[in-house]
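*Asks:* The structure's right below; bear with me while I get my questions together.
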Amino acid sequence: MNVLTMPARPYDDQRPGTSGLRKPVAIFRQPHYLENYLQAIFETVGGGANRTLVIGGDGRFFNREAIQTASRMAAANGYKHLVVGRAGLLSTPAASHLIRKRGADGGLIFSASHNPGGPEGDFGIKYNSANGGPASETLSRAIYARSKRIVAYRLVDEPDIDIDRLGKVSLGETEVEVVDPVSDYAELMETLFDFERLAELLTSTSFKMRFDAMHAITGPYARAILEERLGAPVGTVINGKPLPDFGGAKPDPNLVRSRSLVDFMFGQDAVNFAAASDGDGDRNMILGRKIFVTPSDSLAVLAANAHIVPAYSSGLTGVARSMPTSRALDRVAQDLAIPCFETPTGWKYFGSLLDTGRITLCGEESFGTGSDHVREKDGLWAVLFWLTIIAVRGMPVHRIIKDHWARYGRHFYARHDYEAVDAAAANSLMDALRDQVGDMAGKRLAGSIVSTADDFSYTDPVDRSVAERQGIRVLLEDGSRIVYRLSGTGTGGATLRIYLERYEARAWLHDKDARKVLNDLSFAAGSLAEIPARLGRERPSLVT
Numbered sequence: 001m002n003v004l005t006m007p008a009r010p011y012d013d014q015r016p017g018t019s020g021l022r023k024p025v026a027i028f029r030q031p032h033y034l035e036n037y038l039q040a041i042f043e044t045v046g047g048g049a050n051r052t053l054v055i056g057g058d059g060r061f062f063n064r065e066a067i068q069t070a071s072r073m074a075a076a077n078g079y080k081h082l083v084v085g086r087a088g089l090l091s092t093p094a095a096s097h098l099i100r101k102r103g104a105d106g107g108l109i110f111s112a113s114h115n116p117g118g119p120e121g122d123f124g125i126k127y128n129s130a131n132g133g134p135a136s137e138t139l140s141r142a143i144y145a146r147s148k149r150i151v152a153y154r155l156v157d158e159p160d161i162d163i164d165r166l167g168k169v170s171l172g173e174t175e176v177e178v179v180d181p182v183s184d185y186a187e188l189m190e191t192l193f194d195f196e197r198l199a200e201l202l203t204s205t206s207f208k209m210r211f212d213a214m215h216a217i218t219g220p221y222a223r224a225i226l227e228e229r230l231g232a233p234v235g236t237v238i239n240g241k242p243l244p245d246f247g248g249a250k251p252d253p254n255l256v257r258s259r260s261l262v263d264f265m266f267g268q269d270a271v272n273f274a275a276a277s278d279g280d281g282d283r284n285m286i287l288g289r290k291i292f293v294t295p296s297d298s299l300a301v302l303a304a305n306a307h308i309v310p311a312y313s314s315g316l317t318g319v320a321r322s323m324p325t326s327r328a329l330d331r332v333a334q335d336l337a338i339p340c341f342e343t344p345t346g347w348k349y350f351g352s353l354l355d356t357g358r359i360t361l362c363g364e365e366s367f368g369t370g371s372d373h374v375r376e377k378d379g380l381w382a383v384l385f386w387l388t389i390i391a392v393r394g395m396p397v398h399r400i401i402k403d404h405w406a407r408y409g410r411h412f413y414a415r416h417d418y419e420a421v422d423a424a425a426a427n428s429l430m431d432a433l434r435d436q437v438g439d440m441a442g443k444r445l446a447g448s449i450v451s452t453a454d455d456f457s458y459t460d461p462v463d464r465s466v467a468e469r470q471g472i473r474v475l476l477e478d479g480s481r482i483v484y485r486l487s488g489t490g491t492g493g494a495t496l497r498i499y500l501e502r503y504e505a506r507a508w509l510h511d512k513d514a515r516k517v518l519n520d521l522s523f524a525a526g527s528l529a530e531i532p533a534r535l536g537r538e539r540p541s542l543v544t
């Protein structure tokens, strides 16, 4: 085996964000950029001697080339066994499951999630640890530190492997196993849900659904499970073929990016249930006839109905949500007498809670929900969970939601995104808010009084690690909340996110328009942060 040691210079911009390293494709195609970061990963985790590594991605542009490079480098760094998804494809939750099922030492997931694809789009690398979850904050910092000291990388001098054919091949002294990316994941879903009950629903003449895979990774999984295993009519899954540029659209399921699906579900020909997933298959959007289910409400509904799903019939040990996610989950947890943890944004913060059995379900307002079945959020899992609730309770989506609000109250909620703003201006805005938090208590805001304000910090109850400066929280005496946070998943400029929440217990007010209910909070949030003056924006880029 001929191992090449190639000289390289370090880059200073390879700091992982909320979920791995994401950059425009043009940056990843700079000389040695990809190789430097991969070498930093391999060196940080202690090399690959006698280890197993799972490799796959969401099929976006540059995915196949990156997998060939990663395979050669993994072989040169001593990995004994590589498990690669056929055609280089693996959804993020499927990769997490494969790492756990195979007892692998880690995995490389090539994805920029909901970011756009294609030559002018984005690319990303995420390292997942042996538990199947994203690298911890400590490991991520160590990888970044190593990336700034890289002066060479190693790879074997071998031709490309055939990643389109199932089976085992050799790459130097490393065994490469190309596997079906769908089968193991589909079998896992069968152990969690009652597929016979779901098949009865999906083959019923009185029930129709639509699943939009957005030309991203979930298409093959949804077709295999919904259409082939559960018997939904062919065509239930739309935009099901993964494309390198996602068909020219951004694979981000929300009210704006999935406008055609939303319009369909609010039109005369709407089906009973619709859902969509994102680039790498870890997010989900849920729709019923003339109703959009907010991710925060979805998480709360799943927790409240978990007992009807076979995998969770014995009860939940606990639940968790990211700090900006609405507190609807907290009320369910209180009713179930189980703990509810509030963490920073980023699935990695749920890892230790899942590994130690402190929680069973968790989720984020950014269209991500999951459980202890893997260590990633899981879009298709959430869809199967919702279908189970519909099948068992015999209710349409809007009835399920309104029944939930009647029992627990409604948390009116919205997120305002200011995308691609000047990073320096956004950081200055956050610094100005931090300077104010100590003096906010007692001030009148949006028709109420500020009870407390802080810059959220989190101490992991398992390893005692601390995450600071995770977002500004402004809590009002009437239970309302404003949260400011800079996103860590974008690649162009900065994205400021403002979260608005107001609780309403009175059932006769639950049908009010959320925009109107939150209007005064929205105005107050913009004024408090001086959005027009500091960012030069009169309105957000996106409201969800």
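The UniProt record's numbering numbers the first residue of the sequence shown as 1 and each following residue consecutively.
Ideal Cβ positions, reconstructed from N, Cα and C, are used throughout, including at glycine.
Given the structure is predicted, the values throughout are model-derived calculations rather than measurements.
1. Please confirm if the region 69-78 is in contact with the region 181-194, defined as three or more CB-CB distances below 8 Å between the two stretches.
2. For T369 and M323, what's the separation of their Cα atoms in angstroms?
3. Compute the distance between the beta-carbons of residue 552 and L535, then report whether it is under 9 Å.
4. For the alpha helix (DSSP H) containing L433, list its first residue and its last residue.
5. Here's the rule: buried if 16 or more other CB atoms are within 10 angstroms of the residue's CB, otherwise exposed. What is A525?
6. Measuring CB to CB, does Y144 end up less than 9 Å from L38?
7. Mind checking whether S147 and M214 have CB atoms under 9 Å apart?
8. Just the C-alpha distance for D245 and N63, rounded to the nearest angstrom, thanks.
9. Provide the residue span of the alpha helix (DSSP H) that contains V256, from first to last.
10. Assign P310 to one of three DSSP states: helix, strand, or coil.
11. Go through its chain and collect everything with a Cβ distance to I238's Cβ below 8 Å, but skip five positions before and after it.
12. Rounded to whole angstroms, what is the Cα-Cα separation between G47 and L4?
13. Counting only runs that start and end within the region 328-359, where is the beta strand (DSSP E) found for 3 or more residues in a row?
14. Identify the residues that DSSP records as bridge partners of E35: which are they?
15. So for H398, helix, strand or coil by DSSP?
16. Per DSSP, what kind of secondary structure is K101 in: helix, strand or coil?
17. For the candidate residues R100, A8, Q30 and S19, whose alpha-carbon lies nearest to that of T52?
18. Could you give the DSSP three-state label for V54: helix, strand or coil?
19. For the region 162-250, list the beta strand (DSSP E) runs that are entirely contained and at least 3 residues long, ordered along the chain.
20. Suppose you measure from the CA of F350 to the CA of R539; what does that come to, to the nearest Å?
21. Quick one: grab the DSSP three-state call for A112.
22. Residues bridged to E504 by DSSP?
23. Taking DSSP's pairing of strands, which residues face S371 in a bridge?
24. Where do the ends of the beta strand (DSSP E) carrying Y484 lie?
25. Spatial neighbours of L188 within its chain, please: C-beta separation below 7 Å, excluding the five flanking residues on both sides.
26. Return the CA-CA distance between A222 and A467, expressed in angstroms with no decimal places.
27. My output table needs one value for T459: the three-state DSSP class, helix, strand or coil.
28. When the Cα atoms are used, what is the spatial distance from F195 to A426?
29. Quick one: residues in its chain with C-beta nearer than 8 Å to the C-beta of A451, no 5 flanking neighbours on either side, listed in chain order?
30. When burial is assigned at 16 or more other CB atoms within 10 Å of the CB, is E376 buried or exposed?
31. Can you give me the C-alpha to C-alpha distance between S111 and G219, rounded to a whole angstrom?
32. Would a C-beta distance cut-off of 9 Å place L166 and A75 closer than the cut-off?
33. With a threshold of 7 Å on Cβ separation, who are the neighbours of D164 within its own chain once the five nearest residues in sequence on each side are excluded?
34. Taking the alpha carbon of T92 as the reference point, which residue from S129, Y79 and P119 has its own alpha carbon closest?
35. Measuring alpha carbon to alpha carbon, tell me which residue in Q334, A420, Y458 and G106 is nearest L496.
36. Would you mind reading off the limits of the alpha helix (DSSP H) that contains D122?
*Replies:* With the structure as the only source:
1. no
2. As a working mapping, residue 369 is identified with position 369 in the sequence shown. As a working mapping, residue 323 is identified with position 323 in the sequence shown. Distance between the alpha carbons of T369 and M323 is about 14 Å.
3. Residue 552 is absent from the model: the chain starts at 1 and stops at 544.
4. Counting from one through the sequence shown, the residue named residue 433 turns up at place 433. Segment A423 to M440, the alpha helix (DSSP H) holding L433.
5. Residue mapping note: residue 525 aligns to position 525 of the sequence shown, counting from 1. So A525 ends up on the buried side.
6. Along the sequence shown, one-based indexing puts residue 144 at 144. Along the sequence shown, one-based indexing puts residue 38 at 38. It is not a contact, given that the beta carbons lie outside the stated cut-off.
7. What you label residue 147 is simply residue 147 of the sequence shown in a count that begins at 1. What you label residue 214 is simply residue 214 of the sequence shown in a count that begins at 1. Not closer than 9 Å, so no.
8. In the sequence shown, counting from the first residue as 1, residue 245 sits at position 245. In the sequence shown, counting from the first residue as 1, residue 63 sits at position 63. Roughly 11 Å between the two C-alpha positions.
9. In the sequence shown, the residue the question calls residue 256 occupies position 256. Counting along the chain, no alpha helix (DSSP H) covers V256, and no H or E run does either.
10. Within the sequence shown, the letter at position 310 stands for residue 310. Here DSSP, grouped into helix, strand and coil, assigns P310 to helix.
11. The residue given as residue 238 occupies position 238 in the sequence shown. Non-local beta-carbon contacts of I238 in its own chain, meaning distances under 8 Å to residues more than five positions away in sequence, involve R210, F211, D212 and A213 in chain order.
12. If you number the sequence shown from 1, residue 47 lands on position 47. If you number the sequence shown from 1, residue 4 lands on position 4. Answer to the nearest angstrom: the Cα atoms are 16 Å apart.
13. 340-343
14. Locating residue 35 in the sequence shown gives position 35, where the first residue counts as 1. Answer by DSSP bridge pairing: none, since E35 is not bridged.
15. On the sequence shown, residue 398 is found 398 positions in, with the first residue counted as 1. In the structure shown, H398 adopts helical secondary structure according to DSSP, grouped into three states.
16. Translated into the one-based positions of the sequence shown, residue 101 becomes position 101. It is helical.
17. Against the sequence shown, residue 52 aligns to sequence position 52. It is R100.
18. Locating residue 54 in the sequence shown gives position 54, where the first residue counts as 1. In the structure shown, V54 sits in a strand (DSSP, three-state: E or B).
19. 167-171, 174-179 and 209-212
20. For this step, residue 350 is matched to residue 350 along the sequence shown. For this step, residue 539 is matched to residue 539 along the sequence shown. Looking at the two C-alpha atoms, the distance is approximately 33 Å.
21. Taking the first residue of the sequence shown as position 1, residue 112 is located at position 112. Note: A112 maps to coil in three-state DSSP.
22. For the purposes of this step, residue 504 is taken as the residue at position 504 of the sequence shown. Per DSSP, R410.
23. Looking up residue 371 in the sequence shown gives position 371. Paired residue(s): L361.
24. Translated into the one-based positions of the sequence shown, residue 484 becomes position 484. From DSSP, the beta strand (DSSP E) with Y484 extends over R481 to L486.
25. For the purposes of this step, residue 188 is taken as residue 188 along the sequence shown, with counting starting at 1. Taken in chain order, the residues that qualify are H97 and H373.
26. As a working mapping, residue 222 is identified with position 222 in the sequence shown. As a working mapping, residue 467 is identified with position 467 in the sequence shown. The straight-line gap separating the alpha-carbon atoms of A222 and A467 is approximately 36 Å.
27. Here residue 459 refers to the residue found at position 459 of the sequence shown. If DSSP states are grouped into helix, strand and coil, T459 belongs with the strands.
28. Indexing the sequence shown from 1 puts residue 195 at position 195. Indexing the sequence shown from 1 puts residue 426 at position 426. For F195 and A426, the distance between alpha carbons rounds to 48 Å.
29. By one-based count along the sequence shown, residue 451 stands at place 451. Inspection of the sequence shows that residue 451 is occupied by Ser rather than by Ala. The residues are A441, L475, L476 and E477.
30. As a first step, residue 376 is located in the sequence shown; it is residue number 376 there, counting from the start. Looking at its Cβ environment, which holds 16 or more other Cβ atoms inside 10 Å, E376 is buried.
31. As a working mapping, residue 111 is identified with position 111 in the sequence shown. As a working mapping, residue 219 is identified with position 219 in the sequence shown. Cα to Cα, the separation comes out at about 16 Å.
32. Position 166 of the sequence shown, counting from 1, holds the residue named residue 166. Position 75 of the sequence shown, counting from 1, holds the residue named residue 75. In this structure, A75 does not lie closer than 9 Å to L166 by Cβ.
33. For the purposes of this step, residue 164 is taken as the residue at position 164 of the sequence shown. These residues qualify, in order along the chain: R86 and A87.
34. Position 92 of the sequence shown holds residue 92. Of S129, Y79 and P119, the residue nearest in Cα terms is S129.
35. Residue mapping note: residue 496 aligns to position 496 of the sequence shown, counting from 1. Here the closest residue by C-alpha is A420.
36. The residue you call residue 122 lines up with position 122 of the sequence shown. Looking at the DSSP string, D122 is not in any alpha helix (DSSP H); the run it does join, the beta strand (DSSP E), is D122 to N128.
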